[in-house]
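Trainee: After the structure tokens below, expect a handful of questions from me.
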Amino acid sequence: MNDAKDMRQSHLFTKTQKFAPKDEVSKNAQLLIRTGFVHKEMAGVYAFLPLGWRVMNKIMDIIREEMNALGAQEIQMTALQRKELWETTGRWDDAKVDVWFKTALKNGTPLGLGFTHEEAITAMVKPFVTSHRSLPFSAYQFQTKFRNETRAKSGIMRSREFIMKDLYSFSRDVIEHKAFYEKAQAAYERIFQRVGIGAQTYKTFASGGTFSKYSHEYQTVCDAGEDIIYVDEKRRIAINEEVYTDDVIADLGLVKEELVQKKAAEVGNIFSLGTKFSDALGLIFRDDDGENKSVVMGSYGIGPARLMGVVVELLSDERGLIWPQSIAPYQAHLINIGHNDEAEEFYILLRTAGIDVLWDDRKNVRPGEKFADADLIGCPWRVVLSDKTHEYGGVELTHRRTGEQTIVSIHGAITMIHQ
RNA sequence: CGGAGCAUAGUGUCAACGGCUAGCACGAAUGGUUUGGGACCAUUUAGAUCGGGUUCGAAUCCCGAUGCUCCGACCA
1 MNDAKDMRQS HLFTKTQKFA PKDEVSKNAQ LLIRTGFVHK EMAGVYAFLP
51 LGWRVMNKIM DIIREEMNAL GAQEIQMTAL QRKELWETTG RWDDAKVDVW
101 FKTALKNGTP LGLGFTHEEA ITAMVKPFVT SHRSLPFSAY QFQTKFRNET
151 RAKSGIMRSR EFIMKDLYSF SRDVIEHKAF YEKAQAAYER IFQRVGIGAQ
201 TYKTFASGGT FSKYSHEYQT VCDAGEDIIY VDEKRRIAIN EEVYTDDVIA
251 DLGLVKEELV QKKAAEVGNI FSLGTKFSDA LGLIFRDDDG ENKSVVMGSY
301 GIGPARLMGV VVELLSDERG LIWPQSIAPY QAHLINIGHN DEAEEFYILL
351 RTAGIDVLWD DRKNVRPGEK FADADLIGCP WRVVLSDKTH EYGGVELTHR
401 RTGEQTIVSI HGAITMIHQ
């Protein structure tokens, strides 16, 4: 985690608001704006403020860990894309891709702002892929994608400019590709588990395109979602409405009567690309039999901001946000009512113990306001130091989600937060 | 892209009959009293999306633009 040097609330330049903007209907936008996690620049375009950016980074760190565990290598490509590159696959055409933001150099040379990076990475890795010894490998990035959506909606869940983790795999043949694809699925499942939406997230069969029967989406059951899926609870898989036919149900060995229709948000998707892009862009290698073959590719995406939005939609309550410990901006929110010097000691103790702490060190702010803020911001643990707790020589530890409350010593609190 | 709704201080406002100085709350500022659930008092701060039109007079009525939200289409 990139560590903020100062986690005192008095130094935080944002603050919470009592009211949400009136023309925001979606829960995630209302809460995230009210709490100062994000700023809406315009419809479908959001800036991340200190607290929100910490959450984003924690989500991206989890994704990064899982991608690295797959052996994928992190890179950073460019948003600016050449027209010629995209013409090789026909995807420059507005009739074929209607989400392009297009622009041009001063001299008139057309450019596009990338909405995905299959073409770019395929062309980019070409000089490095020479023989079967160059393969397999995979690479990923966290990159800003631009999509000129005709209608942005649902707060940060569907935006026109957003960070996406996109991973691309390069394999010698279909078998090698499949092996990676399986591993990627497991990694994806771990990611959703770790950010706290594993229980509501289903691997969902969706249309596969030219080279494979299905692609796989990860759909989180959520009212703010845009997709309709049919869930088999026992096998924990689902079918996207777009391919929901008797043939597909039979193909997957499911029983129509057992499937339950649900609204869901697509939090990730993975698909096999076959040799579509390697053929179009000439990504070939000399195999051990001396033959030239096209590289078999796969592509795997996750939108961290959409994950964040789904977590808000799923876990928050009437008092505000509730973050799982794994992605909370801070694990603990330290509040003192008086006792400033001791609070500073505790603040240092907590941080020394490796706990991310937001310390509400504001003076002249009444307890009620501090508590209301703590509830709104939604750190998993609230640590209160006051006259009342002082009598016990300890602190009051409250769990945001369950409301469970105990008086413990500061060391006891550290132990409980670590659990 | 088709349809609908909305637009008043930083935020909120089913506040204001076509007519006096655009009200109230939150926020912010100053001073004071407070300190376990957004406390109180005093003083202060800050507003009509833009452009046309109707009218003696427009926040209010009309037209247009823009923006936002929602429904639908789209989402490789």
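In this note's numbering, the protein residues as written are 1 to 419.
Cβ atoms here follow ideal geometry from the backbone N, Cα and C, with glycine treated the same way.
So which of 326, 32, 26, 383 has the shortest CA-CA distance to residue 15?
Mentor: The option with the nearest alpha carbon to residue 15 is 32.
Trainee: Thinking C-alpha only, which one of 255, 268, 311 is nearest residue 300?
Mentor: Residue 268 is the option with its Cα nearest to residue 300.
Trainee: Applying the criterion that 16 or more other CB atoms from any shown protein chain within 10 Å of the CB defines a buried residue, is residue 260 buried or exposed?
Mentor: When all chains shown are included, residue 260 counts as exposed.
Trainee: Residue 236 lies in the alpha helix (DSSP H); which residues open and close that run?
Mentor: First-last for residue 236: undefined, no H or E at that position.
Trainee: When you compare only the Cα positions, how much space is there between residue 404 and residue 413?
Mentor: So the alpha carbons of these two residues sit roughly 13 Å apart.
Trainee: DSSP puts residue 399 in a beta bridge; with which residues?
Mentor: Answer by DSSP bridge pairing, in chain order: 381.
Trainee: Give the straight-line distance between the Cα atoms of residue 333 and residue 149, rounded to the nearest whole angstrom.
Mentor: The straight-line gap from Cα to Cα measures roughly 38 Å.
Trainee: Check each candidate in 228, 155, 394 and name the one with the smallest Cα separation from residue 219.
Mentor: Looking at the Cα atoms, 228 is the closest of the given residues.
Trainee: Applying the criterion that 16 or more other CB atoms from any shown protein chain within 10 Å of the CB defines a buried residue, is residue 418 buried or exposed?
Mentor: By the neighbour-count rule (16 or more Cβ atoms within 10 Å), residue 418 is not buried but exposed.
Trainee: With a floor of 3 residues, list each beta strand (DSSP E) that falls wholly inside the stretch 275-338, ordered by position along the chain.
Mentor: Whole beta strand (DSSP E) segments, 3+ residues: 284-286, 292-294, 296-302, 332-336.
Trainee: Where DSSP assigns a beta bridge to residue 110, which residues make up the other side?
Mentor: Answer is 104.
Trainee: Which residues mark the beginning and the end of the alpha helix (DSSP H) in which residue 120 is found?
Mentor: Residue 120 -> alpha helix (DSSP H) spans 118-125.
Trainee: Using CA atoms only, rank isn't needed, just tell me which of 70, 145, 108, 120 is closest to residue 99.
Mentor: Minimum Cα distance to residue 99 is reached at 145.
Trainee: Between the beta-carbon of residue 285 and the beta-carbon of residue 55, is there less than 7 Å?
Mentor: Contact flag unset, no.
Trainee: Out of 160, 132, 68, which has the shortest C-alpha to C-alpha gap to residue 172?
Mentor: Checking every option, the nearest Cα to that of residue 172 belongs to 132.
Trainee: What's the gap between the Cα of residue 289 and the Cα of residue 86?
Mentor: Rounded to whole angstroms, residue 289 to residue 86 spans 32 Å at the Cα level.
Trainee: Are the beta-carbon atoms of residue 310 and residue 222 separated by less than 7 Å?
Mentor: Yes, they are a contact pair.
Trainee: To which residues of the same chain is residue 9 closer than 7 Å at the C-beta, ignoring the five residues directly before and after it?
Mentor: Excluding residues within five positions, the ones whose Cβ falls inside 7 Å are 358, 359, 360, 361, 362.
Trainee: What is the residue span of the beta strand (DSSP E) that residue 11 lies within?
Mentor: Here residue 11 belongs to no beta strand (DSSP E), and DSSP marks it neither H nor E.
Trainee: Could you compute how far the alpha carbon of residue 318 sits from the alpha carbon of residue 341?
Mentor: C-alpha separation (whole angstroms): 33 Å.
Trainee: Do residue 410 and residue 346 have their beta-carbon atoms positioned less than 7 Å apart in this structure?
Mentor: Closer than 7 Å, so yes.
Trainee: Helix, strand or coil: which one does DSSP assign to residue 364?
Mentor: Residue state, collapsed to three classes: coil.
Trainee: Under 6 Å Cβ to Cβ from residue 190, same chain only, skipping five residues before and after it: list those, please.
Mentor: Once the five neighbours on either side are set aside, the close Cβ partners of residue 190 are 66.
Trainee: Applying the criterion that 16 or more other CB atoms from any shown protein chain within 10 Å of the CB defines a buried residue, is residue 266 buried or exposed?
Mentor: Buried.
Trainee: Rounded to whole angstroms, what is the Cα-Cα separation between residue 88 and residue 243?
Mentor: Roughly 29 Å between the two C-alpha positions.
Trainee: Which residue wins for smallest C-alpha separation from residue 327, given the options 304, 338, 30, 383?
Mentor: Closest option to residue 327, Cα to Cα, is 304.
Trainee: How many Å lie between residue 73 and residue 112 at the Cα?
Mentor: For residue 73 and residue 112, the distance between alpha carbons rounds to 25 Å.
Trainee: Going by CA-CA distance only, name the one from 325, 44, 215 that's closest to residue 356.
Mentor: Nearest C-alpha to residue 356: 325.
Trainee: Smallest Cα separation from residue 42: which of 162, 118, 351?
Mentor: The shortest Cα separation from residue 42 among 162, 118, 351 belongs to 162.
Trainee: Report all residues from its chain with a CB closer than 7 Å to the CB of residue 2; omit the five preceding and five following residues, and keep chain order.
Mentor: Confidence in residue 2 is poor, its pLDDT being 44 and thus under 50, which makes the residue's placement unreliable; the coordinate value appears in the next sentence. Within the same chain, residue 2 has close Cβ partners 57.
Trainee: Could you tell me the distance, in whole angstroms, from the CA atom of residue 139 to the CA atom of residue 78?
Mentor: C-alpha separation (whole angstroms): 14 Å.
Trainee: Using 10 angstroms around the beta-carbon of residue 505, count the other beta-carbons present and answer buried if the total reaches 16, otherwise exposed.
Mentor: In the structure as shown, the chain starts at 1 and stops at 419, and residue 505 therefore has no counterpart that could be examined.
Trainee: Measuring only the C-alpha atoms, how far is residue 237 from residue 320?
Mentor: Answer to the nearest angstrom: the Cα atoms are 31 Å apart.
Trainee: Can you tell me whether DSSP reads residue 1 as helix, strand or coil?
Mentor: Low confidence applies to residue 1: its pLDDT is 45, below 50, so where it sits in the model is not reliable, and the reading given next is rough at best. Residue state, collapsed to three classes: coil.
Trainee: Please say whether residue 224 and residue 154 have beta carbons closer to each other than 7 Å?
Mentor: Contact flag set, yes.
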